[in-house]
Amino acid sequence: MSRVLSRTGLLVGLPVVLLVTWWFASAGSKSFYQPPLETIIKVFPDTWTGARFKSDVFPSLIRLFIGYGLAVLIGITLGVLIGANRRLRSLLEPLLEFLRAIPPPVLVPILILVAGIGNPTKVLVIVVGGLWPVLLNTVEGVRGVDEVLSDTCRSYRIGGWLRLRTFVLRAASPQIVVGARQALSISIIMMVIGELLGATNGLGYTVVEFQRGFQIPEMWSGVFVLGLLGVLLSLAFTLVERRVLNWYHGARAAERSGH
Amino acid sequence: MLEIKSLRKTYGGQGRTVEALRDITLTVEDGQFVCVVGPSGCGKTTLLRCLGGLLSPTSGEVKVAGQTVTGPPDGLAIVFQEYGRSLFPWLRVAENIELPLKSKGVAKAERRQLVDESLKAVGLGDAGKAYPWQLSGGMQQRVAIARAIAFQPKVLLMDEPFAAVDAQTRADLEDLVRTVWQRFGMTMLFVTHDIDEAVYLGQRVVVLSASPTSVLENLDIDLSDERDQLKTRSEARFVELRSHVYARIQEAKGVAAA
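Chains A and B are the protein sequences, given in the same order. For the record, in the first sequence the residue sitting at position 53 is 53 according to our numbering, with numbers rising by one throughout. For the record, in the second sequence the residue sitting at position 107 is 1107 according to our numbering, with numbers rising by one throughout.
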C-alpha cells in the first residue's frame, strides 16, 4: 500500500508542484497574454465539453486514430516484406534513410497541393509522419529474428501465415512496439500541424482560432487538452504494450537474474 | 533409415573456401541409436544440418527413409543445443509443443493429448502453462525434447543437446533420452563432443576425424541395453570402449596438428 502511494506520489508529484506554483505565481496577473491559471481552468469545462467536443475534438480524434492505425498497419506490412528480403532491403535502405530524414511537416504543403485540404489529406499527413518509425523498426526487428528459432521453424515445417503470426511478428514485436510508440507522439504532432493549414475544425484549428480571436484563456486551455490527450494515449499504449510484451519483460528479467 | 554417401560440404568465403566435411559415408538402420563424436570444430553440426535439410551438401548424397534430402524431410525432428533459443519465449510450454502439430494439421483434441503425453514422458506433467524462461535450463531442454516427441518423428537428430547444462542435470537428461528412445523406437542420431556420453548412450559410436572431416571408425557398443549411470560407467567394457574412442580422437587431433 505504501509502495503504491509512493509510486503515485512520484508520478504526479512534479506536475502537481508545477501547477500549484503556476497557480500562485499567476494569481492576480493582469497581463492579457498570461492569464491566471484559475481563469484558464474556469473556462476549460465550458470550452471543451458539449458542442465543441463534437465539432472539434471528435473529428481530430477520428483522424488521429485512422491516420495512426494506417501508419502502424502499413509500417508493419512493408517492414515485414523489406525485413525478410535481403535484396529488397539493400535496394530500399538508402531511399528509406533519405525519406526518413525529411521532416514530415514540410510535406504538408505538398500534400495539400496534391490532395487538397479535405479530411483525407489530414489523415495522410498523420500517416506520412507516423509511418517511418514503425517501418524502420519493423525492418530491424524482422531482420534480427533469432536464427535458431528460424531453423526450428524450418525443421518443423512451420511456414506461411502460421510462421508470420507466431514467429516473425512476435519476434519483432519488441521493436515494432518501440516504433509504434514513437509514431504515436509524431501522429499527435502531425494531427495538429494538419489542422493548422486550411482546416475548418479540429483541435489545432481551434487553438489557432482562439489565438486569433484573442481568447487567450481558451487558447491556453486548448494546449492543456492536447497535453492531456497525449498523456492518456501514452497510458493506453502502455497498457497494450504490457499485454503484448509481457513475455519479453519476463524473459529479460529471468535473464538478468541469471536463470 | 539414414544414408549418407560421400557427403562433402564446403563453405565459400571471399576467395577462401573452408572444407567442413570432406567425405562422410554413414548408414543408420531403422530404430538404431547412433552417437557421432569427434574433436571440436570437426563439422558435427554441419553433418546434422545436412541430414536435417537445413544445409544442402556440396556433393554426395543424403537420404532419409529412402528419400534424397532437399529440404527438411518429413518425420524428422531436431533438438538443438541452444534450448534457450529454440523455444518460443512468447508461447507457453504447451503452446510451444503444440505449434509444430498445428502446422502438421493435427486435430485439436489429438494435439492436446499429444502435448500431455509428451510432457509426462519428459517428467514435466504440470509445466504446460509456464513460459520457457520461467524454467531452468535442463527443464527447457526437456520441453524441447517433449516437442520433438509430440511431433512423432521417425528420426530424431540431437545436436549436442546437453552441452550447456550442468553435470547432474546432464546425467538425468541422458537417461531420459535413452528411455524416450526405448519407448518410442525412433531412429536416433546424437551428436556430441563428450566421449563418455557417446559411449554411454549409443548402440554405435561414429568417430569423426578432425577437419577436413571423414569417418574414422564405426564402433559397435556392446554394452547391455539397460544402462545405468553408476553401473554402466564403472563396467570394464565401458572403460575400454571410452579409452579406445578417446585414443582415436587424440590420434585424429595429432594428425591434424602435424
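Glycine included, C-beta positions come from ideal geometry on N, C-alpha and C. Keep in mind that this is a model prediction, so the values were computed, not measured.
Local conformation of residue i per DSSP, three classes
| i | result |
| --- | --- |
| residue 1258 of chain B | Its pLDDT being 48, under 50, residue 1258 of chain B is placed unreliably in this model, and the coordinates cannot settle the point. |
| residue 1290 of chain B | With chain B covering 1001 to 1258 only, the question about residue 1290 of chain B has no answer from this structure. |
| residue 1213 of chain B | strand |
| residue 1027 of chain B | strand |
| residue 1123 of chain B | coil |
| residue 1092 of chain B | coil |
| residue 20 of chain A | helix |
| residue 1068 of chain B | strand |
| residue 1224 of chain B | coil |
| residue 197 of chain A | coil |
| residue 1035 of chain B | strand |
| residue 1188 of chain B | strand |
| residue 1060 of chain B | strand |
| residue 1017 of chain B | strand |
| residue 219 of chain A | helix |
| residue 1273 of chain B | What the structure shows of chain B is the stretch from 1001 to 1258, and residue 1273 of chain B is not part of that stretch, so it cannot be assessed. |
| residue 1238 of chain B | helix |
| residue 1218 of chain B | strand |
| residue 117 of chain A | coil |
| residue 1082 of chain B | coil |
| residue 96 of chain A | helix |
| residue 1077 of chain B | strand |
| residue 255 of chain A | helix |
Own chain residues within Cβ distance below 6 Å of residue i, not counting five before or after
| i | result |
| --- | --- |
| residue 188 of chain A | 230 |
| residue 211 of chain A | 219 |
| residue 1137 of chain B | 1165 |
| residue 1214 of chain B | 1022, 1023 |
| residue 1071 of chain B | 1053 |
| residue 1163 of chain B | 1081 |
| residue 1156 of chain B | 1077, 1148, 1186, 1188 |
| residue 195 of chain A | 202, 204, 205 |
Own chain partners of residue i with C-beta closer than 7 Å, once the 5 adjacent residues on each side are dropped
| i | result |
| --- | --- |
| residue 71 of chain A | 126, 127, 130, 131, 134, 183, 187 |
| residue 1058 of chain B | 1008, 1009, 1010 |
| residue 1018 of chain B | 1010, 1011 |
| residue 1246 of chain B | 1195 |
| residue 1238 of chain B | 1199, 1223, 1232 |
| residue 66 of chain A | 123 |
| residue 1030 of chain B | 1001, 1187 |
| residue 1095 of chain B | none |
Chain-order list of residues whose beta-carbon lies under 8 Å from that of residue i (same chain, five-residue window excluded)
| i | result |
| --- | --- |
| residue 22 of chain A | 37 |
Whether residue i touches residue j by CB criterion (8 Å)
| i | j | result |
| --- | --- | --- |
| residue 1179 of chain B | residue 1037 of chain B | no |
| residue 1304 of chain B | residue 156 of chain A | Because chain B spans 1001 through 1258 in this model, residue 1304 of chain B falls outside it and cannot be assessed. |
| residue 1022 of chain B | residue 1212 of chain B | yes |
| residue 179 of chain A | residue 137 of chain A | yes |
| residue 1208 of chain B | residue 1216 of chain B | yes |
| residue 1061 of chain B | residue 1027 of chain B | no |
| residue 247 of chain A | residue 1089 of chain B | yes |
| residue 1153 of chain B | residue 1075 of chain B | yes |
Buried or exposed (CB count within 10 angstroms, at least 16 for buried), residue i
| i | result |
| --- | --- |
| residue 1044 of chain B | buried |
| residue 33 of chain A | exposed |
| residue 51 of chain A | exposed |
| residue 245 of chain A | buried |
| residue 1226 of chain B | exposed |
| residue 98 of chain A | exposed |
| residue 24 of chain A | exposed |
| residue 1143 of chain B | buried |
| residue 1222 of chain B | exposed |
| residue 1140 of chain B | buried |
| residue 161 of chain A | exposed |
| residue 28 of chain A | exposed |
| residue 223 of chain A | exposed |
| residue 1046 of chain B | buried |
Neighbour list for residue i in chain B, Cβ cutoff strictly below 9 Å
| i | result |
| --- | --- |
| residue 200 of chain A | By Cβ distance, chain B contributes nothing, its closest Cβ being about 46 Å from residue 200 of chain A, past 9 Å. |
| residue 162 of chain A | 1099, 1102, 1103 |
| residue 250 of chain A | 1089, 1131, 1133, 1134 |
Residues that residue i contacts on chain B, provided the C-beta gap is smaller than 8 Å
| i | result |
| --- | --- |
| residue 149 of chain A | 1085, 1086, 1088 |
| residue 155 of chain A | 1052, 1053, 1054, 1072, 1076, 1077, 1078 |
| residue 254 of chain A | 1133, 1134 |
| residue 8 of chain A | In chain order: nothing, as chain B lies at least about 29 Å away. |
Chain B residues whose Cβ lies nearer than 7 Å to that of residue i
| i | result |
| --- | --- |
| residue 247 of chain A | 1089, 1090, 1131 |
7 Å Cβ cut-off: residues of chain A touching residue i
| i | result |
| --- | --- |
| residue 1002 of chain B | Residues of chain A passing the Cβ test: none, with the nearest at roughly 15 Å. |
| residue 1100 of chain B | 156, 158 |
Contacts of residue i in chain A (Cβ-Cβ under 8 Å)
| i | result |
| --- | --- |
| residue 1151 of chain B | 156 |
| residue 1082 of chain B | 148 |
| residue 1211 of chain B | Ordered by position in chain A, no residue passes the 8 Å Cβ test against residue 1211 of chain B, which lies about 22 Å from the chain. |
Chain-ordered neighbours of residue i on chain A, where CB pairs are closer than 9 Å
| i | result |
| --- | --- |
| residue 1110 of chain B | Within chain A, no residue comes near residue 1110 of chain B; the closest Cβ sits about 17 Å away, beyond 9 Å. |
The ligand MG heavy atom lying under 7 Å from the CB of residue i
| i | result |
| --- | --- |
| residue 1102 of chain B | The ligand MG is not part of the structure shown, which contains no ligands of any sort. |
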